[in-house]
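First up is the structure itself, then whatever we jot down about it.
There are 2 protein chains.
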Amino acid sequence: MLISPDLCARLLASVEAGFSGQIAFTQELIRFPSVRGAEHACQDHMFRALRARRYAVDRFAMDRDAITTHHGGGAWSAQHSDAIIVVGVYHPRREKGRSLILQGRVDVVPTGPEDMWTHKPFDPVIKGDWLCGRGGADMKAGHAANLFCVEALRRIGLQPAATVYVQSVVEEESTGNGALMAHLRGYKADAVLIPEPEEEMLVRANVGVLWFQVEVRGLPVHVREMGNGANAIDAAYRVIGELRRLETEWNDAKAGREHFADVDHPINLNIGKIEGGDWASSVPGWCRIDCRIALYPGEAATRASKTILDRIAAFARSDSFMSNNPPKVTFNGFRAEGYVQEPGTEAEAVLARAHEAATGRRLQSFMTPGYLDARVYANYDKVPTLCYGPVSENIHGFDERVSLTSLKRITGSMALFVAEWCGVEPLSC
Amino acid sequence: MLISPDLCARLLASVEAGFSGQIAFTQELIRFPSVRGAEHACQDHMFRALRARRYAVDRFAMDRDAITTHHGGGAWSAQHSDAIIVVGVYHPRREKGRSLILQGRVDVVPTGPEDMWTHKPFDPVIKGDWLCGRGGADMKAGHAANLFCVEALRRIGLQPAATVYVQSVVEEESTGNGALMAHLRGYKADAVLIPEPEEEMLVRANVGVLWFQVEVRGLPVHVREMGNGANAIDAAYRVIGELRRLETEWNDAKAGREHFADVDHPINLNIGKIEGGDWASSVPGWCRIDCRIALYPGEAATRASKTILDRIAAFARSDSFMSNNPPKVTFNGFRAEGYVQEPGTEAEAVLARAHEAATGRRLQSFMTPGYLDARVYANYDKVPTLCYGPVSENIHGFDERVSLTSLKRITGSMALFVAEWCGVEPLSC
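Sequences listed follow chains D and R, in order. Per my numbering, residue 3 is the first one in the first sequence, and the count goes up by one each step. Per my numbering, residue 3 is the first one in the second sequence, and the count goes up by one each step.
Laid out in structure tokens, this is it:
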């Protein structure tokens with residue numbers, strides 16, 4: 003059921019009419035410094051926002067046992083968030099259309115040194131077309147769009163003619179356990195849309211992600227006896243060298259792999275964090291590195307974990323220091339497999355029409371080499387999962403920002419998508 | 003004035019008689035976890051110990067301006083200790099002999115991961131001949147010996163016939179500013195003895211030490227865009243490589259240098275600490291390394307600092323990432339020059355006789371490639387400065403320990419040294 007040109011025009015005008023309020027709401031979200039473990043207040047804000055808009059709201063804690071026994075569950079480390087998951091449910095009067103999950107999340111990555119930001123990271127400053135702030139692009143702007151695309155219907159007296167779930171999760175940046183928990187809670191729909199910052203494109207394929215920490219320990223001594231002391235920082239760099247060799251091999255394996263063969267470097271190994279030693283004049287006795295590596299879709303996380311373990315163990319045996327002090331490898335976060343959203347679904351066709359109507363351009367798709375919660379719905383519910391969102395810059399960097407004109411286009415496209423996918427009915431009083 | 007065989011025997015017997023008390027006092031000192039900035043309680047303990055033994059006690063804060071304007075003053079960073087300096091003054095009735103500074107200090111280096119210790123690091127366990135614990139060897143055992151060698155005289159009704167200063171300082175492990183402050187306060191004597199753990203040998207020559215921190219900053223991005231983000235951890239490692247080349251050049255310059263030419267690797271560069279990045283899935287935007295490098299005696303710390311600055315700046319200009327993001331170099335601790343204790347002093351001759359009488363072996367001397375507070379007295383007061391102390395293992399490491407039989411021999415040697423250097427007089431009532 004295509005939507006009429008008239009409804010299309012009214013919906014886009016309605017998005018426009020609501021956009022200043024949408025920006026203000028996005029700014030409210032950015033003001034919460036909702037880094038891992040500190041998302042509670044922001045989730046409560048989402049709870050209130052959903053309830054105020056007449057959603058029935060379910061909120062629930064993560065079930066550690068259920069998550070960690072699931073093969074796609076991320077490791078439950080001491081840093082794991084205990085914030086709740088919030089799901090707003092918007093029921094139609096009559097379930098005529100196709101149901102939809104609109105997913106967002108409120109966890110954001112650390113800011114790094116604040117003095118490298120032009121403005122304070124949680125101060126949502128607008129400069130020209132850009133809304134700046136940590137987590138604004140990634141992905142509070144998209145999460146606000148989840149709410150405001152439905153509001154665009156309500157503003158003109160309509161509502162979705164099928165159940166819409168607005169899911170607000172956490173742990174997207176570390177384990178993906180928030181989305182997994184919503185799945186384990188039993189939420190399921192005919193399609194899922196997640197407005198991550200994807201440059202106004204649809205994610206066609208997406209890597210899996212593994213997190214692991216390698217800890218090297220050695221024999222610290224006074225620097226005067228340096229020749230006798232194994233330097234754990236040096237040893238950690240040797241481990242990094244071996245992991246880089248593994249990364250090269252995994253990238254070489256892209257040959258012939260659909261969605262990946264033409265990408266320059268699809269598998270990124272990142273050494274994101276390092277800490278070692280206590281004192282400038284002591285040869286360091288310990289060093290830890292926090293690593294993240296990508297997996298091709300279809301590759302089992304368990305198998306990749308074992309490859310990494312075996313590879314580090316074999317390297318350690320060849321290293322004069324580490325053979326006596328094998329590094330300790332801990333999988334401390336993502337244990338997530340990638341996914342491919344195969345072309346040809348009706349959901350994608352609806353999104354393509356909505357996108358073209360809202361932006362005037364054809365919908366393009368691409369492979370993105372970062373983790374996405376979409377993998378939960380694509381892999382475990384096996385429903386069409388559309389990861390699609392606004393233009394951004396510097397996500398995970400300094401001066402992260404999202405384009406407001408792009409956000410408006412995307413919100414328009416999302417409103418049209420909801421109207422066509424779910425159908426519409428007159429607003430309940 | 004040589005001391006008589008009879009006095010010698012009585013003094014060694016007196017050290018023996020007091021040794022269980024000396025061990026107990028050393029254990030009391032070890033129980034204070036007096037790492038940098040946390041030496042206050044231990045210094046107050048020393049204050050009470052000196053006063054109880056009838057020393058006149060002076061205690062004073064460090065004078066930041068006086069220290070930092072002195073060319074040998076270490077940098078006053080945020081981590082600098084504000085513990086006081088304690089000087090016990092033991093006056094004779096008649097100043098007949100040669101005065102003496104016995105210096106010790108109570109600051110100790112961090113323990114590292116406590117689970118790598120056999121016993122808790124501040125639990126002074128005795129196992130066979132070894133007294134274990136962080137800071138026991140380095141140098142609370144020697145510091146206790148400062149007190150107990152004088153006690154050995156008093157136990158047999160004697161006291162030094164010249165002023166003895168027992169100086170208890172801090173910041174020996176980071177800046178050397180404690181000893182410098184005692185010097186700036188005006189304390190001076192005809193000789194100085196510092197019982198650092200020196201394997202029952204006399205330090206003939208000693209390197210200077212510089213501390214510096216290099217901070218690399220870059221452009222963090224999401225790991226999905228890794229090719230665009232400069233990885234600060236990788237960049238820091240390139241800086242380490244350049245510093246290692248500098249270290250090699252400085253070691254090559256040992257040729258023809260007395261006390262150093264025959265030492266395998268006299269100049270140690272230590273990368274003692276590293277910290278970088280915040281998040282496994284963000285390309286790290288910053289990394290800091292804490293470094294320590296040695297200088298040959300006679301080499302000006304200011305000149306060496308400039309060499310390091312210039313070297314890092316030149317390297318950064320040749321590096322595609324760092325040329326846009328020059329590393330920041332901060333000298334954050336030691337800015338200390340080395341010293342040579344030339345042979346032929348009367349003080350050394352007295353120590354050699356004392357050592358032989360107490361240990362039955364000839365006194366040997368050596369070059370040690372670690373910082374010593376002795377540089378203050380050797381360079382600025384230009385008085386004979388004897389750094390000489392017990393056998394130890396694992397200083398700055400796990401299970402640091404000092405040999406108790408060695409400690410007793412050294413204490414005997416020190417008592418004989420005090421008796422001959424200062425002369426003796428009957429104990430004041």
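Cβ coordinates follow ideal geometry from the N, Cα and C atoms, glycine included.
Within 10 angstroms of the Cβ of isoleucine 128(D), are there 16 or more other Cβ atoms? Answer buried if so, exposed if not. Counting of Cβ neighbours within 10 angstroms places isoleucine 128(D) among the exposed residues, the total staying below 16.
Output, in chain order, the set of chain D residues within a Cβ distance shorter than 8 Å of glycine 287(R). Gly114, Pro115, Met118, Gly399, Phe400
Would alanine 216(R) count as contacting chain D if we go by Cβ distances under 9 Å? Looking at the sequence provided, one finds valine at residue 216(R) rather than alanine. No, no contact with chain D.
At least one CB of chain B closer than 9 Å to the CB of alanine 282(D): is that the case? This model lacks chain B altogether, as its protein chains are D and R.
Element boundaries [alpha helix (DSSP H), containing glycine 90(D)]: Per DSSP, glycine 90(D) belongs to no alpha helix (DSSP H); it is in the beta strand (DSSP E), 87-92.
Indicate the three-state DSSP secondary structure (helix, strand or coil) for tyrosine 239(R) in the structure shown. helix
Residue burial classification, histidine 47(R) (beta-carbon count within 10 angstroms, cutoff 16): Around the beta carbon of histidine 47(R), a 10 Å sphere encloses 16 or more other beta carbons of the protein chains shown; the residue is thus reported as buried.
If you follow the alpha helix (DSSP H) that glutamine 29(R) is in, where does it begin and where does it stop? 7-33
So glycine 178(R) contacts chain D; which residues on that side make the cut at Cβ distance below 7 Å? Within 7 Å Cβ-Cβ: nothing; glycine 178(R) doesn't reach chain D, min ~11 Å.
Taking only three categories from DSSP, how would you classify phenylalanine 214(R)? strand
With a cut-off of 9 Å, does the C-beta of glycine 130(D) fall near any C-beta of chain R? no
Quick one: grab the DSSP three-state call for methionine 203(D). coil
Can you tell me the Cα-Cα spacing of valine 211(D) and alanine 338(D), whole angstroms? 5 Å
Min CB distance glycine 75(R) to chain D below 9 Å: no
If I measure Cβ to Cβ from tyrosine 57(R) and keep anything under 7 Å in the same chain, skipping five residues before and after, which residues do I get? Gly90, Val91, Tyr92, Val168
Arginine 206(R) versus Leu365(R), Arg38(R), Glu41(R), Ala51(R), residue with shortest Cα-Cα distance: Leu365(R)
Measure the C-alpha to C-alpha separation of arginine 157(R) and asparagine 253(R) and round it to an integer number of angstroms. Whole-angstrom Cα-Cα distance: 49 Å.
Give the interface partners of proline 371(D) over in chain R, defined as CB-CB distance under 7 Å, in chain order. Arg226
Runs of 4 residues minimum, wholly inside the region 317-404 of chain R: which ones carry the alpha helix (DSSP H) assignment? 348-361
Residues that serine 170(R) bridges to, as DSSP identifies them: Val88(R), Gly106(R)
Look up glutamine 161(R) in the DSSP assignment and give the residues it is bridged to. Partner(s): Glu427(R).
Contacts of glutamate 301(D) in chain R (Cβ-Cβ under 9 Å): What glutamate 301(D) touches in chain R: nothing, since even the nearest Cβ is about 18 Å away.
What first and last residue would you give for the beta strand (DSSP E) that runs through leucine 195(R)? 193-196
With 16 other CB atoms within 10 Å as the buried threshold, where does proline 7(R) fall? exposed
Contact set for leucine 102(D): own chain, Cβ-Cβ below 8 Å, skip 5 residues either direction: Pro162, Ala164, Thr165, Val166, Tyr167, Ala191, Asp192, Ala193, Val194, Leu195, Val420, Trp423, Cys424
How long is the line joining the alpha carbons of tryptophan 213(D) and cysteine 134(D), rounded to whole angstroms? 28 Å
Taking contact to mean at least 3 C-beta pairs separated by less than 8 Å, is the region 140-158 of chain R in contact with the region 335-355 of chain R? Between the region 140-158 of chain R and the region 335-355 of chain R there are fewer than three C-beta pairs closer than 8 Å, too few to call the two in contact.
What does the alpha-carbon distance come out to for the pair arginine 187(D) and glutamate 202(D)? 30 Å
Whole-Å CB distance - serine 36(R) paired with glycine 335(R), under 8 Å assumed: Contact flag wrong, Cβ pair sits at about 17 Å.
Taking the alpha carbon of threonine 70(R) as the reference point, which residue from Gly180(R), Thr28(R), Lys98(R) has its own alpha carbon closest? It is Gly180(R).
By how many angstroms is the C-alpha of isoleucine 397(D) removed from the C-alpha of aspartate 266(R)? 50 Å
If you draw a straight line from the C-alpha of serine 83(R) to the C-alpha of arginine 38(R), how long is it? 6 Å
Judging by CA-CA distance, which residue of Val88(R), Ala234(R), Met141(R) is the nearest neighbour of glutamate 395(R)? Met141(R)
If you reduce the DSSP assignment to three classes, tell me which class phenylalanine 262(R) lands in. coil
Touch test, the region 289-296 of chain R against the region 287-299 of chain D, Cβ-Cβ under 8 Å, three pairs minimum: no
State the Cα-Cα distance for the pair valine 331(D) and histidine 121(D), rounded to the nearest angstrom. 38 Å
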